[in-house]
Amino acid sequence: MRLDPAFAPLLQGFDLEVLNKSTATIYGIWSDTRLAYYNDAWERFAHINHPGVDLATRWPLGRPIREAFGPLEAFYDDAFAHVLDDKVVWHHDFQCNSAQRFRMYHMAVYPLQAPGAERGLLLINSLTVDHPHPDTPTLPDPLAEHYRNAKGLITMCSHCRRTRQGDDDTHWDWVPNFVEHPPDDLSHGLCNICLDFYYPRP
Numbered sequence: 012m013r014l015d016p017a018f019a020p021l022l023q024g025f026d027l028e029v030l031n032k033s034t035a036t037i038y039g040i041w042s043d044t045r046l047a048y049y050n051d052a053w054e055r056f057a058h059i060n061h062p063g064v065d066l067a068t069r070w071p072l073g074r075p076i077r078e079a080f081g082p083l084e085a086f087y088d089d090a091f092a093h094v095l096d097d098k099v100v101w102h103h104d105f106q107c108n109s110a111q112r113f114r115m116y117h118m119a120v121y122p123l124q125a126p127g128a129e130r131g132l133l134l135i136n137s138l139t140v141d142h143p144h145p146d147t148p149t150l151p152d153p154l155a156e157h158y159r160n161a162k163g164l165i166t167m168c169s170h171c172r173r174t175r176q177g178d179d180d181t182h183w184d185w186v187p188n189f190v191e192h193p194p195d196d197l198s199h200g201l202c203n204i205c206l207d208f209y210y211p212r213p
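Count along the sequence shown from 1, add 11, and you get the number used in our numbering.
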């Protein structure tokens with residue numbers, strides 16, 4: 012667990028020991044999305060998805076998590092503003108698959124405020140579905156060049172983990188070895204199906 016002492020007053024009323032022992036990935040952010048708190052499960056999840064990465068260096072307290080949102084920045088900005096302004100809990104479901112497992116998570120975002128303190132949010136991501144991928148055709152040892160776009164990057168959907176063929180938004184393939192061993196030039200985006208399903212336009 013890591014906690015910015017200035018954020019502690021916003022968590023009054025929550026049992027920090029319970030939050031830290033939870034199997035859900037839990038983190039707290041200031042209203043401008045600067046990371047202010049995370050529990051042990053968040054740290055374990057980050058290490059599983061990014062083995063060998065020094066979490067304290069990559070995601071130190073104070074770094075804005077909006078830097079990870081990419082094309083979803085406006086979506087989350089709107090949702091977080093709604094939570095803060097209307098003082099309501101917001102819910103959202105999303106995929107975060109591994110090479111072997113299909114995984115769905117439920118996100119609950121809680122508004123936080125303490126007298127005389129800046130506002131913040133508490134985000135709780137709970138695993139709701141976890142099972143092996145169905146038997147679907149996979150591509151054996153594909154050449155990375157087939158998936159590289161004009162800028163030299165390989166784009167993987169951050170939800171379903173399928174990989175885009177070059178710059179062709181209509182073709183996304185399931186490439187488990189890219190999920191298990193991400194290429195150095197991997198970039199994350201969203202396939203059209205996940206974008207339309209999980210982030211519908213009003």
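All residues carry an ideal CB built from backbone N, CA and C; glycine is no exception.
Where does residue i sit, in a helix, a strand or coil, going by DSSP?
i: Val-100; result: coil
i: Pro-62; result: coil
i: Leu-197; result: strand
i: Trp-41; result: strand
i: Phe-105; result: strand
i: Trp-53; result: helix
i: Leu-14; result: strand
i: Leu-46; result: strand
i: Cys-205; result: helix
i: Pro-211; result: coil
i: Asp-184; result: strand
i: His-170; result: coil
i: Lys-162; result: coil
i: Gln-23; result: coil
i: Pro-151; result: Residue confidence for Pro-151 is low, a pLDDT of 45 falling below 50, so the modelled location carries little weight; the figure read from the coordinates is stated next. Residue state, collapsed to three classes: coil.
i: Phe-189; result: helix
Quick one: using the 10 Å Cβ neighbour count with 16 as the cut-off for buried, is residue i buried or exposed?
i: Pro-151; result: Because Pro-151 carries a pLDDT of 45, less than 50, the predicted location of this residue cannot be relied on, and no value is offered for it.
i: Val-190; result: buried
i: Pro-122; result: buried
i: Asn-60; result: exposed
i: Ala-17; result: exposed
i: Arg-172; result: buried
i: Ile-37; result: buried
i: Ala-92; result: exposed
i: Ala-85; result: exposed
i: Gly-131; result: buried
i: Gly-127; result: exposed
i: Val-140; result: exposed
i: Asn-203; result: exposed
Alpha carbon to alpha carbon, how far is residue j from residue i? Give it in angstroms, no decimals.
i: Gln-106; j: Arg-175; result: 17 Å
i: Val-99; j: Glu-156; result: 46 Å
i: Gln-111; j: Pro-145; result: 10 Å
i: Gly-177; j: Lys-32; result: 42 Å
i: His-142; j: Arg-45; result: 33 Å
i: Ile-135; j: Ala-47; result: 14 Å
i: Gln-23; j: Asp-89; result: 26 Å
i: Gly-73; j: Glu-129; result: 14 Å
i: Asn-50; j: Arg-212; result: 32 Å
i: His-102; j: Ile-165; result: 31 Å
i: His-58; j: Asp-97; result: 34 Å
Considering only DSSP beta bridges, list what residue i is partnered with.
i: Ser-137; result: His-117
i: Pro-122; result: Leu-132
i: Asp-179; result: Gln-176
i: Pro-143; result: Arg-112
i: Pro-75; result: Arg-45
i: Thr-34; result: According to DSSP, which records beta bridges pairwise, Thr-34 is partnered with nothing at all.
(message) I'd like to know if the stretch 63-74 and the stretch 46-54 are in contact, where contact means that at least 3 CB-CB pairs between them fall below 8 Å.
(response) Yes, the stretch 63-74 touches the stretch 46-54.
(request) Examine the Cβ distances between the stretch 153-173 and the stretch 194-207 and report whether three or more of them are shorter than 8 Å. (result) Contact between the stretch 153-173 and the stretch 194-207 is present, because at least three Cβ pairs lie under 8 Å.
(message) Count Cβ pairs between the stretch 74-81 and the stretch 109-120 that sit closer than 8 Å; are there 3 or more?
(response) Cβ pair count under 8 Å is below three, so no.
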